[in-house]
Structures are given as C-alpha cells and as structure tokens.
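Taking it in order: structure first as structure tokens, then the write-up.
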Amino acid sequence: MINEHNQLQDNLAAYALNALDPDDIPALETHIKTCASCQATLTEYQRVSAGLLAGLPPRPPRPALKRILAAQLPGNANNVRARFTSWSLAQFAMAGAVVLLLGINLFSLFQVRSLQDQQAEMTRQQETEQTALSILAYAGTQSLPVSGEGLTGSLLLDRDRNAAVLFVWELPLLTPNQTYQVWLIDPQGKRISGGLFNAVTGRPITIFGLSSPQPLSNFTSMGVTIEPRGGSPQPTGPRILSVNF
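The working numbering numbers the first residue of the sequence shown as 291 and each following residue consecutively.
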C-alpha cells in the first residue's frame, strides 16, 4: 500500500498541470478522494500552477491587429472619412505637433533605457516561470510553506537538481532605493546571499529563482530581508519571511 501511495503521489504534479497520462487519471482520482495527504499536496500544486498563470503580465494587442479589427467594423471607412473631413487645418497641425512630441519622447534616452529594463525583467520572469514549471513536474520536488506576517507563499525545492523557486502572493512594493534579498542559512547560522529581487507592479504573485554558490543541501533554511538597492554583504534590514528546509 505504501508503494502504491508513493507512486500515485508522484503523479500529482503532472495531474495539476493536466499533463498526466489519461490511463493513470482514474486510479489517481479514486485515491485522492480518500487520502487527505494527497488532497493537501494537490491543492498546493494547483495553487502554484494557477499563480503562474495569474502572474503573467498582460500584453496589449499589436497595433497591426487593432487596425485589422477596426477595418472590419461596419461603417468604419465612412466614419473615419467624416471625422477627417470635419477637421480644420489648425487641428491637423496640432495633431502633427502632438505626434512629433510623442515620437521624441519615445526615442529619448530615458525611454529607451526604461524599455530595455522592462524587457530584461520580463525575460527573467519568463525564465523563472519555466524553471518553476519544470521542477513542479519533478517527483522529488518539495513544496515548503513560507512563514511571514501577513504573507503567504511556497518554496519549490529540488535538491537533486540544485534548484529552488520562491512564490509569494501580494508582496509589497519597495521604494526605488530598496530591494529584497534572499539569505541561505547553513547549520552553523552562516548566511550566504541567494539573490536580489523586487515585486512587480500589477502582478499578484512574485516569483524568484534562487541562486546558490553551494549545493542547496548544505543549507537548513532561508530568509528574506529588505536591503538597500544593490544588496548587502550580510543582513541589515528587517526579515519579512523565512522557509525551513
């Protein structure tokens, strides 16, 4: 019975991702109905999977798509011609000036750097989410609860592949001169930085992939503190959450 339970439990992650072989689903669903442990594990997997989807940033439609859809609206061409006919030369000149100003602003150095930063952040988030999905489907992955006042979340820990991804819901935004810093703690209490991250505006879930210079099996817990921008050699700010390995 224990071996059967372990085998069925290994299928929970794939089931939560709708990736389980259809032939294995009936036996697993029957088992879940009578196993409180598997019910709790499945709930956590489904919560993390849903959080990944909810955490994806909204992407506006491409301008070309907007033009295609607008062109298919009934009476669109007539309405457009009527509006443009009623415009005066002064209105056209003003509109041209506005467009010119917008173009200058868009291609200013500040805007370019801002767009580059946003693109880099989106790329990092996508890579982190892909890592999370990968280790979520691995049978040896542990889902460890986050401990912190007013915060909920999980740490997906895969010791075999030395990978860990932190999920925190509704993490407060920091000021521009602050950052969140992860600390990996060994049995002697020594703390090693596991990376810097920040919450993202408009995203209900913060996802961060830990980086470790040592095997994660060398550590017994981790914590997150608020530090000055750029991080600190050792913790200096308040600890907001912790996870026991």
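Note that the Cβ used here is the ideal one computed from N, Cα and C, for glycine as well.
What you are looking at is a predicted structure, and each value in this text was computed from that prediction instead of being measured.
Take isoleucine 530 and list the residues in its own chain whose beta-carbon comes closer than 6 Å to its own, dropping the five residues that flank it on each side.
The answer, listed in chain order, is Gly438, Val514.
For the beta strand (DSSP E) that alanine 454 lies in, which residues bound it at each end?
453-459
For the region 485-493 against the region 436-454, are there 3 or more C-beta pairs whose distance is under 8 Å?
no
Would DSSP call aspartate 300 helix, strand or coil?
helix
Buried or exposed by the 16-neighbour rule on C-beta atoms within 10 Å, applied to leucine 500:
buried
Are the beta-carbon atoms belonging to asparagine 534 and serine 511 less than 8 Å from one another?
yes
Cβ-Cβ separation, glutamine 471 to serine 483 (assumed contact under 8 Å), whole Å
6 Å
Going by DSSP, what residues sit across from asparagine 534 in a beta bridge?
According to DSSP, which records beta bridges pairwise, asparagine 534 is partnered with Ser511.
Is the beta carbon of leucine 464 less than 8 Å from the beta carbon of glycine 521?
no
Report the rounded CA-to-CA distance for leucine 461 versus isoleucine 475, giving the unit in angstroms.
22 Å
Give the straight-line distance between the Cα atoms of alanine 454 and glutamine 524, rounded to the nearest whole angstrom.
Near 21 Å, if we compare the C-alpha coordinates of glutamine 524 and alanine 454.
Indicate whether threonine 496 and valine 436 have their beta-carbon atoms separated by less than 8 Å.
no
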